[in-house]
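So the sequences go chain by chain: A and B. The first sequence begins at 1052 in this note's numbering and counts up by one. The second sequence begins at 32 in this note's numbering and counts up by one. Encoded as structure tokens, the structure appears first; notes follow it.
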Amino acid sequence: MTRRMTRRTVVAAGLTALLVLAACSDGSVAPVAERAPGRREVYVAIGNGETAGNGVRNRIRDAWPQIVFRTDLPRATVLTNFGTNDASVESAFAEQLAPALALEPTIATVHLTEDTFLTRDPVGYERNLTRLVRQLQRGGRTEVVVGNLVPGDREPGLLACLPDPPPNGPECRLGPISDLNRQTARDEEFNQAIARVAKATGSRLVDLNAAFLRARAAGTEDALWAGNDFSPNVKGHQLMAREFGTAVRAALKSRA
Amino acid sequence: MSWSDAFLAATRSLGRRLGRAALTVLAVALAAALLSALLIISTSARTRVLDQLAKGGPLAGIQVAAAAPGPEALDTDSPRPGRARDLDQAAVRRIRRLPAVRSVVPLESTPILAEVPTTDVEPFRDTIAGINLREIRRLPITVIVGRTPTPGSRTEIAVTEGYLRRVGLQRSTATKALGTEVILGAPRIFPSDRNRPVFRGRWTRTVIVGVVAQQVLSAQFLGSDSMVADARAWTAASPPSRGLDLPTSRYAGLFVIANGLDQVGEVRAAVTKLGYSTSAPENLIETVRRYLRVVEIVLAGIGFIALAIAALGITNALLAAVRERRREIGVLKAIGARDRDVRRIFLIEAGITGLLGGMLGTVSGYFIARVLGSIVNGYLVDQDLPGVAIGLPVAVLAGGILGATLLAVLAGIIPAQRAARLPARQAMGDA
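Laid out in structure tokens, this is it:
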């Protein structure tokens, strides 16, 4: 009887002690260790209306530099988009380059295409673009990616200015274009200039022209143009972002 | 008779009347459970609320606005601030140096444009508040789900319920917001040759790591001070313009914690004298303190009544035992046991009853307090108030067990005395 009582007492005391220990234990979650901040990419986009997001309704979401920023760069990247409507390479040099350099960018995209209508001077364009890219490169501290002109011969706004415009098209706002082939040839001159700039500066060339022509071959190019007549729509921006994104990733990879 | 012999005799006696002993232990346990649960709840409330107030916790904080004091200044808890006045590092240093100031947490804020890529919500203008997240425990902020951003992080943010509503979520579905990305853009105006100024965004990708119940500086986003400082520096570089609501003050506000609630008024007056508008719920908290004190007295009274009833139960059980065990007492005395030996046996019996009841009751009381605490916490969080963590204070644990034992021993004195004074012959004869 006594032994049984003693055993009971011991078991009861043990259970009580366990309960007390369990009650006293701290159930809180251990604090998360602080992570050291990694190297931060600073991305600047130099360009004209398309870089700013012309052709899409939600520029913050759908402009091609924003897509590149979201999908092709590390999360800690900071983006500043300097894209400005109707910016020539000369005006970009004057208005966009200095604030961009002040940010000490690590990656930059350049897409300046308005000179085909504004200056129509491929030689001056090449000279100014070379200066702009070289300064942007900051002696190799910034990876620069340069995009060329998309083929303009399917732009609704341009077709509207031909002597025989397609029916139900927009109004012509550029002035009459007598010869589409001449315009296409001028675009080609600019694209050759851009290719030479990329080669001379060691920056990466994004061949948007080829990408749009591939879409043309696949019968999907017309779906890439926006209702504003001159700019790519959301799908067009997505295509541009894919092309730029591939080059940006490659640039970052080669630097690493 | 030695102590060990007395202990053995007492345990044998309890074992022989196991049912009655168990019921007596249970009575003590119930009383101890009630008293310890009440004490744990009131101690936790005191520790988490009153002590924080008295020793300088978040609720003893004084909010300092980047504004001069208004005409009513110290007359109310939340006076209307006067004209805007910059709060800079020098002001922070001056306030830190004031007597009775325990700490100063600077609060920054800056306007941002937010875009949530995973939803159909249009980009919207709002504000992000930034603090040194190492000091977030000093602020009255409750995390509903997730956690607060890592100190110094430039990619992690917490959001408020206002954000949840904007993206079509509710508190019950707040976890869906965790891990989603928000693109934040700090605006800046650039001078331009063109007719209108050019806006440029400084865009950062952030991820939501937590949802908090309270807004800081009316902002729907909360991030690290470094993240907000970067964004603010970008925006502040804009030329003066009517088109952008630029922050002129380095800090949008300060959260000043006084050494104790009694010093809140003194600190408020000193900060007001330095030329800044302050607000603190000191009058409200003092009223709450008075009510809590009354509640504590009432709770303790209820617990002591329960213990008194339990003590009477022990006395009654032991008196019954004395009556039943007259023969046994007589035999013990006949074989040489002295009065003090008999007294010792009964006191040990009472002590064991009290000890077991105290242990069982205190532990049960803790679990009862935890259950009640979780119900109270659910309510507090629903009301956007900081929760109260229920702990097991060592004083309550030790006091509950020792107190119940001591009370039982005290309750056993009269029966033990009666048993000890029982003459051997009378005890044998009555049997």
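In this text, a Cβ means the ideal position worked out from N, Cα and C, and glycines have one as well. Values in this document were obtained by computation on a predicted structure and should not be read as measured data.
Contact with chain B by residue i, beta-carbon distance below 8 Å
i, result
"glutamate 1146/A", "yes"
"phenylalanine 1120/A", "yes"
"valine 1299/A", "no"
Partners in chain B for residue i, counting only beta-carbon separations shorter than 9 Å
i, result
"threonine 1128/A", "Trp234, Thr235 and Arg236"
Exposure of residue i, with buried meaning 16 or more beta-carbon neighbours within 10 Å
i, result
"alanine 1140/A", "The sequence shown places valine at residue 1140/A, rather than the alanine named in the question. When all chains shown are included, valine 1140/A counts as buried."
"glycine 254/B", "buried"
"isoleucine 328/B", "exposed"
"cysteine 1075/A", "In this prediction, cysteine 1075/A scores a pLDDT of 37, lower than 50, which makes its location untrustworthy; no coordinate-derived value is stated."
"leucine 1124/A", "buried"
"arginine 233/B", "buried"
"alanine 1298/A", "buried"
"lysine 1250/A", "exposed"
"valine 325/B", "exposed"
"phenylalanine 1120/A", "buried"
"aspartate 1113/A", "buried"
"valine 1197/A", "buried"
"isoleucine 1118/A", "buried"
"alanine 1268/A", "exposed"
"alanine 1153/A", "exposed"
"tyrosine 322/B", "exposed"
"alanine 348/B", "buried"
"proline 312/B", "buried"
"arginine 1090/A", "exposed"
"asparagine 1199/A", "buried"
"aspartate 256/B", "buried"
"arginine 1306/A", "exposed"
Proximity winner among the options, relative to residue i (alpha-carbon distances)
i, options, result
"leucine 1259/A", "Gly1220/A, Glu1272/A and Thr1122/A", "Glu1272/A"
"methionine 1291/A", "Ser1229/A, Pro1207/A, Pro1202/A and Tyr1176/A", "Pro1202/A"
"phenylalanine 1281/A", "Gly1100/A, Val1129/A and Val1095/A", "Gly1100/A"
"alanine 267/B", "Ile220/B, Leu248/B and Pro312/B", "Ile220/B"
"tryptophan 34/B", "Ser140/B, Ala60/B and Ile379/B", "Ile379/B"
"glutamate 1206/A", "Leu1225/A, Glu1194/A and Thr1181/A", "Leu1225/A"
"valine 467/B", "Ala262/B, Arg236/B and Ser203/B", "Because residue 467/B is not part of the residues shown, which for chain B are 32 to 462, the question remains open."
"arginine 227/B", "Asn1105/A, Ile1118/A, Val1093/A and Asn1136/A", "Asn1136/A"
"threonine 393/B", "Ser44/B, Leu39/B and Leu69/B", "Leu69/B"
"aspartate 117/B", "Thr107/B, Ala131/B, Pro102/B and Glu139/B", "Glu139/B"
"valine 404/B", "Pro142/B, Ser73/B and Thr211/B", "Just to set this straight, residue 404/B is glycine in the shown sequence, not valine. Checked all of Pro142/B, Ser73/B and Thr211/B; the closest Cα to glycine 404/B is Ser73/B."
"arginine 47/B", "Gly113/B, Glu359/B and Ile93/B", "Glu359/B"
"alanine 341/B", "Gly388/B, Val362/B, Glu297/B and Leu350/B", "Gly388/B"
Residue-level contact to chain A via CB, residue i, 8 Å cutoff
i, result
"glycine 161/B", "no"
"serine 44/B", "no"
"alanine 462/B", "In this predicted model, alanine 462/B has a pLDDT of only 45, less than 50, meaning its place in the structure is not dependable enough to derive any value."
"tryptophan 34/B", "no"
"proline 271/B", "no"
Interface residues of chain B facing residue i [CB-CB closer than 7 Å]
i, result
"arginine 1112/A", "Glu146 and Pro148"
Contact list for residue i against chain B, beta-carbon separation under 8 Å
i, result
"phenylalanine 1133/A", "Arg231"
Closer than 7 Å at the beta carbon, the chain A residues around residue i
i, result
"isoleucine 221/B", "At residue 221/B the sequence reads phenylalanine, which differs from the isoleucine that was named. Result: Pro1150."
Contacts of residue i in chain A (Cβ-Cβ under 8 Å)
i, result
"glycine 216/B", "Ile1111"
"threonine 186/B", "Arg1126 and Ala1127"
"proline 154/B", "Asn1109, Ile1111 and Arg1112"
Neighbour flag for residue i against chain C, beta carbons, 8 Å
i, result
"serine 1305/A", "Reference to chain C is not applicable here, since the protein chains of this structure are A and B."
- [ ] For the stretch 130–144 of chain B and the stretch 176–191 of chain B, state whether three or more C-beta atom pairs, one from each stretch, are separated by less than 8 Å.
- [x] no
Open item on the list: Using 8 Å as the cut-off, can you tell me whether the stretch 309–318 of chain B makes contact with the stretch 332–343 of chain B, which would need three or more C-beta pairs spanning the two stretches below that distance?
Closed with: no
Open item on the list: Tell me whether the stretch 196–209 of chain B and the stretch 147–155 of chain B touch, counting them as touching only if at least three CB pairs, one residue from each stretch, are closer than 8 Å.
Closed with: yes
- [ ] Take every Cβ of the stretch 432–446 of chain B, pair it with every Cβ of the stretch 376–386 of chain B, and state whether three or more of those distances are shorter than 8 Å.
- [x] yes
Open item on the list: So, does the stretch 337–357 of chain B touch the stretch 396–411 of chain B, judging by three or more C-beta pairs under 8 Å?
Closed with: No, the stretch 337–357 of chain B does not touch the stretch 396–411 of chain B.
Task: Touching by the beta-carbon criterion (3+ pairs, under 8 Å), the stretch 1147–1164 of chain A and the stretch 1100–1120 of chain A - done: Contact between the stretch 1147–1164 of chain A and the stretch 1100–1120 of chain A is present, because at least three Cβ pairs lie under 8 Å.
Task: Validate contact between the stretch 439–455 of chain B and the stretch 363–378 of chain B using beta carbons, cut 8 Å, 3 pairs - done: yes
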